[in-house]
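**Q** Sharing a structure here in structure tokens format.
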Amino acid sequence: MQSNEQATLNIESTLERLKGDKEFLHMLYQVFLEDLPAKIDTLDKAIQAEDLTTVHRAAHSLKGACATIGADMLHAAAHTMETTPKANGCAHLVPALDHLKKLADDLSVAMQQEIKKNSLSKQP
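Residue numbers 6 to 129, in the working numbering, belong to the letters of the sequence shown in order.
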């Protein structure tokens, strides 16, 4: 069975792309964690305003950030929101946003655990 961290973050693949640079990976995590609340807030407000253009733009931005850090599950959720046909409107996106928020919470915990684990291993 996969741990929550393994299911949420593809650390090995991301580290491979970064040529094993854990410090850079953790810097990316920190930047992502700082930006994540604003990205989700933008999605939330756009759905409430029924602004599907902004939903698509914000979901695309989140999807790209997720791809960079190896957040595969959140990437997939953002992709789903990004590719929602305009004819469907925004009302049906509320459950998708709730799911995305849950994934984001799980991802935040996993990233913070990974950062903490790395900082503890550096202590003498």
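Note that beta-carbon positions come from the ideal geometry of N, C-alpha and C, so glycine has one too. Just so we're clear, the structure is a prediction, and the values are computed from it rather than from any experiment.
Going by alpha carbons, who is nearest to asparagine 15 out of Lys107, Asp111, Asp77?
**A** It is Asp77.
**Q** Helix, strand or coil for lysine 24 per DSSP?
**A** Coil.
**Q** Can you give me the C-alpha to C-alpha distance between valine 136 and serine 113, rounded to a whole angstrom?
**A** With the chain covering 6 to 129 only, the question about residue 136 has no answer from this structure.
**Q** How many angstroms separate the CA atom of alanine 64 from the CA atom of glutamine 118?
**A** So the alpha carbons of these two residues sit roughly 25 Å apart.
**Q** With lysine 68 as the anchor, note down where its alpha helix (DSSP H) starts and where it stops.
**A** Where lysine 68 is concerned, the enclosing alpha helix (DSSP H) stretches over 57-74.
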